[in-house]
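Everything on this sheet refers to the single structure shown next.
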Amino acid sequence: MRGRATVTRILGMWLPDWPIQAARFSGATGGAGPQAPIAVLSDATVAACSDAARRAGVRRGQGRRHAQAACPDLIVVDADPARDAREFEPVLDRIGDVAAGVEALRPGLVVLGVDGPAKYHGGEAKTVEMLLDAAALAGADCLVGIADDVTTAVLAARRGVQLPVGGGPAFLRGVSLAEVAAETALDFPAALGRAWVDLGLRTLGDVADLPARDVAGRFGTEGARWRKVAAGELERRVAPRTPPRDLAIVHRPEETLTRVDAAAFIARALAAKLHHRLREHGLACHRLAVTAEFTDGAELRRVWRCAGPLDEAATADRVRWQLDGWLTGRAIAAAEAAAGTTAQTAVEGEGDSAGPVDVVDDAIDDDAPDARGIAALTLEPLEVIVAGVERDALWGGADAASERAGRAAARVQGLLGPEAVRRPVDVGGRGPSERVAMVPVGEEAPPVTGRWPGALPAPNPAVTPGGSASPRSPSARHPASKVGLYDAAGDTIAVTGRGTLTGVPAVLRWGGRDHEVTAWAGPWPVDERWWTPDDARRAARMHVAVDAPAGAGGRGPQAFLLIGHAGKWRIEGRYG
Numbered sequence: 000m001r002g003r004a005t006v007t008r009i010l011g012m013w014l015p016d017w018p019i020q021a022a023r024f025s026g027a028t029g030g031a032g033p034q035a036p037i038a039v040l041s042d043a044t045v046a047a048c049s050d051a052a053r054r055a056g057v058r059r060g061q062g063r064r065h066a067q068a069a070c071p072d073l074i075v076v077d078a079d080p081a082r083d084a085r086e087f088e089p090v091l092d093r094i095g096d097v098a099a100g101v102e103a104l105r106p107g108l109v110v111l112g113v114d115g116p117a118k119y120h121g122g123e124a125k126t127v128e129m130l131l132d133a134a135a136l137a138g139a140d141c142l143v144g145i146a147d148d149v150t151t152a153v154l155a156a157r158r159g160v161q162l163p164v165g166g167g168p169a170f171l172r173g174v175s176l177a178e179v180a181a182e183t184a185l186d187f188p189a190a191l192g193r194a195w196v197d198l199g200l201r202t203l204g205d206v207a208d209l210p211a212r213d214v215a216g217r218f219g220t221e222g223a224r225w226r227k228v229a230a231g232e233l234e235r236r237v238a239p240r241t242p243p244r245d246l247a248i249v250h251r252p253e254e255t256l257t258r259v260d261a262a263a264f265i266a267r268a269l270a271a272k273l274h275h276r277l278r279e280h281g282l283a284c285h286r287l288a289v290t291a292e293f294t295d296g297a298e299l300r301r302v303w304r305c306a307g308p309l310d311e312a313a314t315a316d317r318v319r320w321q322l323d324g325w326l327t328g329r330a331i332a333a334a335e336a337a338a339g340t341t342a343q344t345a346v347e348g349e350g351d352s353a354g355p356v357d358v359v360d361d362a363i364d365d366d367a368p369d370a371r372g373i374a375a376l377t378l379e380p381l382e383v384i385v386a387g388v389e390r391d392a393l394w395g396g397a398d399a400a401s402e403r404a405g406r407a408a409a410r411v412q413g414l415l416g417p418e419a420v421r422r423p424v425d426v427g428g429r430g431p432s433e434r435v436a437m438v439p440v441g442e443e444a445p446p447v448t449g450r451w452p453g454a455l456p457a458p459n460p461a462v463t464p465g466g467s468a469s470p471r472s473p474s475a476r477h478p479a480s481k482v483g484l485y486d487a488a489g490d491t492i493a494v495t496g497r498g499t500l501t502g503v504p505a506v507l508r509w510g511g512r513d514h515e516v517t518a519w520a521g522p523w524p525v526d527e528r529w530w531t532p533d534d535a536r537r538a539a540r541m542h543v544a545v546d547a548p549a550g551a552g553g554r555g556p557q558a559f560l561l562i563g564h565a566g567k568w569r570i571e572g573r574y575g
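Under numbering that gives the first Met the number 0, read the sequence shown as residues 0 to 575, first letter to last.
This is the structure we're talking about:
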């Protein structure tokens, strides 16, 4: 019988607005105080902002000019992920003094198993108090959350809530989708979030109330996984898969690593080597340990965890950040120690003609190995899964199945030409059929340009026409079939020049059968490229819901997206 005692409690620590805190610690804000309005910009948009900036009206996602218009005194700092990771290292060291097994999800967010520290320190409350004190000693603001799984613990930390055992599902019901999307470490798909919001879903509780089968059918693997998260259904694995022993990568450089740029180069090379080895075993890595041995005998180790499998670029970034933090931290410590020695020498030798500089210079041996340098570096996967298990990676990703599919496609293209194998890509557009184009496998997708004002809102129809229209009339089941739309008197429904219907839709005639219109919405005029007569298009879209006639062998209630011009309509897409 399973009892509550089998639940492993997870503690999350969230340092709010960490890019802002890191910028202050590094001096990038010019010595600005904690109450100063500060914004970190990435690609000319606000990626993070301080409380003072928020009170002035600055928000994430704003452009630089809008942010400065809202807050003329705003201090603007460019985003620097390496700086964020480097300044986070002292905080991790302080936390590690209180609890072992600390795992960084990203700079500014960590998780750890709290059972062991709670037993050692005398309870969860005492452990939380000590961890908050540790973060405060490092100069960082921090919130702590405790729950029964990592995702819930992260969300609880963002509210500073310690949940009781089994309290996760009730807590998650009140968490908004916006809160989930705001935490990048959770890897919540933006498109999925937009689709759910467009459907009127606002919280994880709204998502949990949906039938699991319907969510999986409409939103696929990602939707099904996040519906489980929303319902508080813990991810259960038979056991964490033990990585094969030969997966770890150990590198001993010919020359001691002391420079960050050299460490970055090594990080990329080792990440590529590690992922090549993982692919040979058909595995993907969730948790990665980075260990560095220094020439003075010191050994430092840090564990990184990700919501999804780490890819090669993500691995290289984390290794680079970690080495940057270690090398910079030890260099600063060495400089401070040298400054202290210099000051002491100056006091003791005051009046001595030799001066303190000669004493310090004599202590430096240019030929001696640098005690701050890295002599060995190890990348060790701690938790692995079978590649492709979590995500449907038919054409994406770097797992073995994708590579086999790519090789098969290349062989077919070699025999029949590049156009023989194509893949769908999103190219943007207002209608569903315009948003998807087919490009040959191996070619880059055309860039998505424009904001497409007036685009059909999500969710898109589940079935749309494929390819060009056939010269013959399609069958009644084809979503591109021509249809007739009539009012109760049997008159054809059209759209006027003012964008209104000529009557109230009552019957949809499709495939020789009449379907009763039970609901409709629209029309929405489409007036595109009017400045180029040869390419101009004028039409209207509308939604209709119909019910199949009794005894006609119909499919029952259905919903369609229609597009029409001059009283002629066709089905552009079918929902469900």
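Ideal Cβ positions, reconstructed from N, Cα and C, are used throughout, including at glycine.
Just so we're clear, the structure is a prediction, and the values are computed from it rather than from any experiment.
- Restricting attention to R201, A98, V109, the CA atom closest to the CA of G115 is found in A98.
- CA-CA distance, R267 to R301, rounds to 18 Å.
- By the Cβ criterion, the region 10-29 is not in contact with the region 165-172, since fewer than three pairs of Cβ atoms, one from each stretch, lie closer than 8 Å.
- Taking a cut-off of 8 Å on C-beta distances, the region 145-155 does not touch the region 43-62, as fewer than three cross pairs fall below it.
- Inter-residue distance for L246 and L309 is about 15 Å (C-alpha atoms, whole angstroms).
- Pairwise C-beta distances place the region 32-42 in contact with the region 53-65, as three or more of them are shorter than 8 Å.
- Taking C-beta atoms as the reference points, L322 and A262 count as a pair closer than 8 Å.
- Taking 3 residues as the minimum length, the beta strand (DSSP E) runs contained wholly in the region 21-94 are 37-41, 44-48, 74-77, in order along the chain.
- Within the model, the alpha-carbon separation for L104 versus T150 is close to 11 Å.
- Relative to the Cα of R528, the nearest Cα in the group G483, R304, G428, H120 belongs to G428.
- For D205, the closest of R172, G231, A184 by C-alpha to C-alpha distance is R172.
- Apart from the 5 residues on each side of it in sequence, A27 sits with its Cβ closer than 6 Å to the Cβ of V76 in its chain, given in chain order.
- Taking each of A518, A230, K272, R410 in turn and checking the Cα distance to Q557, the smallest one comes out for A518.
- Around A78, the same chain offers P18, V39, L40, S41, A46 as residues with beta carbons nearer than 7 Å, after the five sequence neighbours per side are excluded.
- Annotation note: the region 473-515 contains the following uninterrupted beta strand (DSSP E) runs of length 3 or greater, listed N- to C-terminal: 481-485, 506-509.
- Counting along the chain, the unbroken beta strand (DSSP E) around A544 starts and ends at 536-546.
- Rounded to the nearest angstrom, the gap between the Cα atoms of D140 and I570 is 56 Å.
- For F218, the enclosing alpha helix (DSSP H) has its first and last residue at 211-229.
- In the three-state DSSP reduction, D147 falls in the coil class, being neither helix nor strand.
- With contacts defined as CB atoms closer than 8 Å, P439 and E418 qualify as a contacting pair.
- In chain order, W303 place their CB closer than 6 Å to the CB of R317, counting only its own chain and leaving out the 5 sequence neighbours on each side.
- Between V90 and A134, the CB-CB gap stays under 8 Å.
- Taking every protein chain shown into account, the CB of V411 has fewer than 16 other CB atoms within 10 angstroms, so this residue is exposed.
- DSSP, read as helix, strand or coil, puts G563 in strand.
- Per the coordinates, the alpha-carbon of H250 lies some 10 Å from the alpha-carbon of A291.
- Taking every protein chain shown into account, the CB of L414 has fewer than 16 other CB atoms within 10 angstroms, so this residue is exposed.
- Burial is judged here by how many other beta carbons sit within 10 angstroms of a residue's own beta carbon; A137 has at least 16 and is buried.
- Shown here, L191 sits in a helix according to DSSP, grouped into three states.
- 8 Å or more divides the Cβ of A270 from the Cβ of T202.
- With 16 or more other CB atoms across the displayed protein chains lying within 10 angstroms of its CB, I265 is buried.
- For G204, the enclosing alpha helix (DSSP H) starts and ends at 203-207.
- Residue burial is scored here from C-beta neighbours: D197 has fewer than 16 other C-beta atoms within 10 angstroms and is therefore classed as exposed.
- With a threshold of 16 other beta carbon atoms within 10 Å, R85 meets it and is buried.
- Counting only the Cα atoms, A436 lies some 21 Å from R540.
- With a cutoff of 8 Å on beta-carbon distance, G62 and A43 are scored as near each other.
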